[in-house]
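Peer 1: Residue numbers (the numbering used here), protein chains in the order written: chain D, 26 to 177; chain A, 26 to 177; chain Y, 26 to 177.
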Amino acid sequence: MSIEERLKELGVELLPPPKPVASYVPVVVSGRVAFLAGQGAIVDGEVMYPGHVGAEVTIDQANEAARRCGLQALAALKEELGSLDRVSRIVNLTVYVSSAPGFTQQPVVANGASDLLIEVFGEAGRHARTAVGVPELPLNLCVEVSVIAEVD
Amino acid sequence: MSIEERLKELGVELLPPPKPVASYVPVVVSGRVAFLAGQGAIVDGEVMYPGHVGAEVTIDQANEAARRCGLQALAALKEELGSLDRVSRIVNLTVYVSSAPGFTQQPVVANGASDLLIEVFGEAGRHARTAVGVPELPLNLCVEVSVIAEVD
Amino acid sequence: MSIEERLKELGVELLPPPKPVASYVPVVVSGRVAFLAGQGAIVDGEVMYPGHVGAEVTIDQANEAARRCGLQALAALKEELGSLDRVSRIVNLTVYVSSAPGFTQQPVVANGASDLLIEVFGEAGRHARTAVGVPELPLNLCVEVSVIAEVD
């Protein structure tokens with residue numbers, strides 16, 4: 026089953042990825058490695074769940090935003106590569122969680138992106154990952170996800 | 026001298042690496058590059074020196090925790106590769122230090138991991154590095170270390 | 026036109042890069058990928074605009090510091106590679122902005138480095154990028170920039 030078919034089976038629709046908010050590009054492929062710009066969850070031009078997790082934003086909301094970041098990463102890869110079937114492996118995620126003081130469950134937030142990628146790619150979706158707290162993110166995002174993938 | 030012999034000479038014993046606390050894997054090898062999941066110092070299932078450096082945690086304690094992160098990274102690489110002799114170079118470290126307000130000696134903390142890797146691998150252990158402060162880390166870790174290595 | 030000629034045309038002079046402040050090296054090349062140590066803006070041995078953006082440091086100052094980080098990255102690459110003409114692509118930037126509470130314009134700061142690299146390398150200077158806020162940086166830097174480049 027192709028990744029496109031798998032996305033349909035999951036009922037997942039990829040929207041066009043948001044345009045970068047500054048002087049950079051969404052994806053750079055060097056050799057067989059694709060580096061993606063950091064993704065923040067944007068829906069209809071609005072930041073999804075702005076604020077700090079553990080304060081204005083709940084863990085469940087931030088997990089959902091992280092899932093959305095994963096979807097946007099897929100959309101960016103598809104736009105760059107033509108087809109997600111060219112992605113042979115998700116390699117690494119760095120997940121930055123805007124964290125209220127004392128909030129230490131960054132991995133639960135990050136699972137939103139990780140689980141989505143594993144649902145879509147199966148074993149090839151399993152990646153190394155680092156999750157950390159940060160005090161502020163661009164546009165007051167609650168989570169930002171940086172993805173490295175392997176391409177054929 | 027093999028890396029395993031070097032570890033014995035240093036009196037360093039690698040314990041089985043802690044299991045990832047969420048939906049990811051400890052190491053992904055893509056081409057000749059190994060990306061490791063972020064390591065936090067865990068001893069006998071307990072976080073080593075939880076808290077913020079410059080407040081509950083001293084620089085020396087955090088340096089020791091960073092060294093432990095380096096050891097865990099070696100254990101993860103050994104489990105993935107079979108032998109550390111397949112590691113041809115330590116390429117890059119990103120070190121996230123849970124920092125109390127005003128704490129700016131992140132490099133001293135990060136040296137705990139860097140120095141360990143240079144002790145073990147010699148010149149091949151010298152790496153590029155970025156050290157930054159963060160407000161919170163998963164499990165209230167005082168330091169988290171992300172490693173990229175080159176493999177044969 | 027060579028990159029060296031382009032630098033002259035832009036009136037940009039590369040000074041010798043600052044020495045690493047700890048146990049690491051400025052650049053590691055693995056395969057065709059160069060990983061650079063995190064750059065903080067240092068001028069004549071002094072930190073340029075120390076402090077937090079949105080408090081003691083303005084956005085314009087931090088943007089200027091980020092540009093300086095980009096220049097230092099070029100100087101480090103030139104020292105490692107002999108010539109910047111061996112750089113075939115700027116691949117990825119991670120930009121850590123020391124952020125006062127409520128400061129969310131990290132991308133504007135990061136553009137200082139991004140725009141410099143695009144001025145120098147043109148299309149080959151366009152990179153993927155992640156910009157995040159952090160609470161503290163080494164030496165009280167206002168911004169730290171981590172660069173990955175592709176080399177011939």
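Beta carbons: idealized from backbone N, C-alpha and C, even for Gly.
1. Going by CA-CA distance only, name the one from PRO51(Y), VAL53(Y), PHE146(Y) and GLN97(Y) that's closest to VAL168(Y).
2. Are the C-beta atoms of PRO160(D) and some chain Y residue less than 8 Å apart?
3. Determine the burial state of GLU89(Y): buried for a count of at least 16 other Cβ atoms within 10 Å of its Cβ, exposed for fewer.
4. Count the other CB atoms within 10 Å of the CB of LEU35(Y); is the residue buried (16 or more) or exposed (fewer)?
5. Can you give, in chain order, each stretch of the beta strand (DSSP E) that sits fully within the region 88–162 of chain Y and has at least 3 residues?
6. My understanding is that ALA174(A) touches VAL122(A), with C-beta atoms under 8 Å, so please give their C-beta distance in whole angstroms.
7. Where DSSP assigns a beta bridge to GLY65(A), which residues make up the other side?
8. Within 10 angstroms of its Cβ, does VAL68(Y) collect 16 or more other Cβ (buried), or is it exposed?
9. Return no unless some Cβ of chain D is closer than 8 Å to the Cβ of SER139(A).
10. According to DSSP, SER55(A) sits in a beta bridge with which residue or residues?
11. Take THR129(Y) as the anchor and find which of GLU148(Y), ARG111(Y) and VAL159(Y) has the nearest alpha-carbon.
12. What does GLY63(D) reach in chain Y if we use C-beta pairs closer than 9 Å?
13. Mapping the DSSP letters down to three states, classify ILE81(Y) as helix, strand or coil.
14. Relative to the C-alpha of LEU40(D), which residue among ALA80(D), LYS33(D) and ALA100(D) is closest?
15. Do the CB positions of ALA149(D) and ALA80(D) come within less than 8 Å of each other?
16. Measuring alpha carbon to alpha carbon, tell me which of GLN131(D), ASN136(D), GLY127(D) and VAL120(D) ends up nearest LEU61(D).
17. Closer than 8 Å, CB to CB, is ALA90(Y) near chain D or not?
18. Chain D partners of GLY56(A), CB-CB under 9 Å?
19. In chain order, what residues of the same chain have a beta carbon less than 7 Å from the beta carbon of ASP84(D), not counting five sequence neighbours either side?
20. Within 8 Å of any Cβ in chain A, is that where the Cβ of ASN136(D) sits?
21. Please tell me whether SER171(A) has its Cβ less than 8 Å away from any Cβ of chain D.
Peer 2: Put simply:
1. Along the third sequence, one-based indexing puts residue 168(Y) at 143. When the alpha-carbon of VAL168(Y) is set against those of PRO51(Y), VAL53(Y), PHE146(Y) and GLN97(Y), the nearest one is in GLN97(Y).
2. By one-based count along the first sequence, residue 160(D) stands at place 135. Closer than 8 Å to some Cβ of chain Y, the Cβ of PRO160(D) qualifies, so yes.
3. Along the third sequence, one-based indexing puts residue 89(Y) at 64. Taking every protein chain shown into account, the CB of GLU89(Y) has 16 or more other CB atoms within 10 angstroms, so this residue is buried.
4. Here the question's residue 35(Y) lines up with position 10 in the third sequence. The residue in question, LEU35(Y), is exposed, as its Cβ has fewer than 16 Cβ neighbours within 10 Å.
5. Taken in chain order, the complete beta strand (DSSP E) segments of 3 or more residues contained in the region 88–162 of chain Y are 112–123 and 153–159.
6. Here the question's residue 174(A) lines up with position 149 in the second sequence. Here the question's residue 122(A) lines up with position 97 in the second sequence. Not quite, the Cβ-Cβ distance comes to about 21 Å (not below 8 Å), so this is no contact.
7. Taking the first residue of the second sequence as position 1, residue 65(A) is located at position 40. For GLY65(A), which the question treats as bridged, DSSP gives the partners GLU169(A).
8. To locate residue 68(Y), count along the third sequence from 1; it is residue 43. Flag for VAL68(Y) reads exposed.
9. Your numbering for residue 139(A) matches position 114 in the second sequence. No, no contact with chain D.
10. Counting from 1 along the second sequence, the entry for residue 55(A) is found at position 30. For SER55(A), which the question treats as bridged, DSSP gives the partners VAL58(A).
11. Here residue 129(Y) refers to the residue found at position 104 when the third sequence is read from its first residue. Minimum Cα-Cα distance from THR129(Y) among the listed residues GLU148(Y), ARG111(Y) and VAL159(Y) corresponds to VAL159(Y).
12. In the first sequence, residue 63(D) corresponds to position 38, counting from 1. Below the 9 Å Cβ cutoff, chain Y contributes THR119, ALA153, ARG154, THR155, ALA156 and VAL157 as neighbours of GLY63(D), in chain order.
13. By 1-based counting over the third sequence, the position of residue 81(Y) is 56. Rather than Ile, the amino acid found at residue 81(Y) in this sequence is Glu. Coil.
14. Taking the first sequence and counting its residues from 1, one reaches residue 40(D) at position 15. The closest CA to that of LEU40(D), considering only ALA80(D), LYS33(D) and ALA100(D), is found on ALA100(D).
15. Here the question's residue 149(D) lines up with position 124 in the first sequence. Here the question's residue 80(D) lines up with position 55 in the first sequence. Remark: C-beta atoms of ALA149(D) and ALA80(D) do not approach each other more closely than 8 Å.
16. Locating residue 61(D) in the first sequence gives position 36, where the first residue counts as 1. Here the closest residue by C-alpha is VAL120(D).
17. Locating residue 90(Y) in the third sequence gives position 65, counting from the first residue. For ALA90(Y), not one C-beta of chain D is nearer than 8 Å to its own C-beta.
18. Start at 1 with the first residue of the second sequence, and residue 56(A) comes out as number 31. The contacting residues are GLY56, ARG57, VAL58 and GLU175.
19. Sequence index remark: in the first sequence, residue 84(D) carries index 59 (1-based). Before going on, a small fix: residue 84(D) reads as Ile here, not Asp. The residues VAL78, GLN130, VAL133 and VAL134, in chain order, have a CB closer than 7 Å to that of ILE84(D) in the same chain once the five nearest residues on each side in sequence are set aside.
20. As a position in the first sequence, residue 136(D) is number 111, starting the count at 1. It does: the Cβ of ASN136(D) has a partner Cβ on chain A nearer than 8 Å.
21. What you label residue 171(A) is simply residue 146 of the second sequence in a count that begins at 1. The beta carbon of SER171(A) sits closer than 8 Å to some beta carbon of chain D.
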